[in-house]
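Q:
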């Protein structure tokens with residue numbers, strides 16, 4: 039690409055010659071290239087991911103919140119409570135290794151000494167639920 043530019047563009051040849059002879063000019067060209075790349079990246083980022091302050095971002099957030107289902111709200115609330123419990127235990131210096139091992143087994147450990155601990159059951163796979171439905175019938 040650069041050899042093509044050097045062969046076809048007199049301006050590019052001038053910039054190359056000037057950059058060779060003047061380190062200050064080279065630094066200026068490098069700064070302009072970096073600034074233009076940063077501006078382009080910032081523009082694309084703000085266009086694709088609007089900030090929370092922009093009207094477009096607030097509108098999208100309202101649309102997403104309006105489409106939530108009740109089961110998703112309940113699950114989000116239970117997960118939030120579990121994370122709060124875990125962080126509280128870490129902050130208090132308790133050993134959470136048993137909670138970690140229970141999570142690896144797909145279980146939810148509820149501590150009776152923690153009155154704010156959630157009692158939400160762990161999510162079962164559909165295969166386990168179907169197997170228990172057929173055995174009861």
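Residue numbers (our numbering): 39 to 175.
Note that beta-carbon positions come from the ideal geometry of N, C-alpha and C, so glycine has one too.
I'd like to know if residue 75 contacts chain D, where contact means its C-beta is closer than 9 Å to some C-beta of that chain.
A: Among the protein chains of the structure shown there is no chain D, as only one such chain exists.
Q: In the DSSP assignment, find the alpha helix (DSSP H) that holds residue 106 and state where it starts and stops.
A: No alpha helix (DSSP H) contains residue 106, which DSSP labels as neither H nor E.
Q: Drop a sphere of 10 angstroms on the beta-carbon of residue 109, count the other beta-carbons inside from all chains shown, and report buried for 16 or more, exposed for fewer.
A: Looking at its Cβ environment, which holds fewer than 16 other Cβ atoms inside 10 Å, residue 109 is exposed.
Q: Within 10 angstroms of the Cβ of residue 136, are there 16 or more other Cβ atoms? Answer buried if so, exposed if not.
A: Answer is exposed; the Cβ neighbour count stays below 16.
Q: Leaving out five residues on either side along the sequence, give the residues of the same chain with a beta carbon under 7 Å from the beta carbon of residue 51.
A: Excluding residues within five positions, the ones whose Cβ falls inside 7 Å are 44.
Q: Just to confirm before moving on: does the CB-CB distance between residue 124 and residue 134 stay below 9 Å?
A: Yes, Cβ-Cβ distance for residue 124 and residue 134 is below 9 Å.
Q: Using three-state DSSP, classify residue 123 as helix, strand or coil.
A: In the structure shown, residue 123 sits in a helix (DSSP, three-state: H, G or I).
Q: Report the three-state DSSP secondary structure of residue 136 (helix, strand or coil).
A: Of the three classes helix, strand and coil, the one that applies to residue 136 here is helix, per DSSP.
Q: Just the Cα atoms here: how many angstroms apart are residue 41 and residue 102?
A: One C-alpha to the other measures close to 50 Å.
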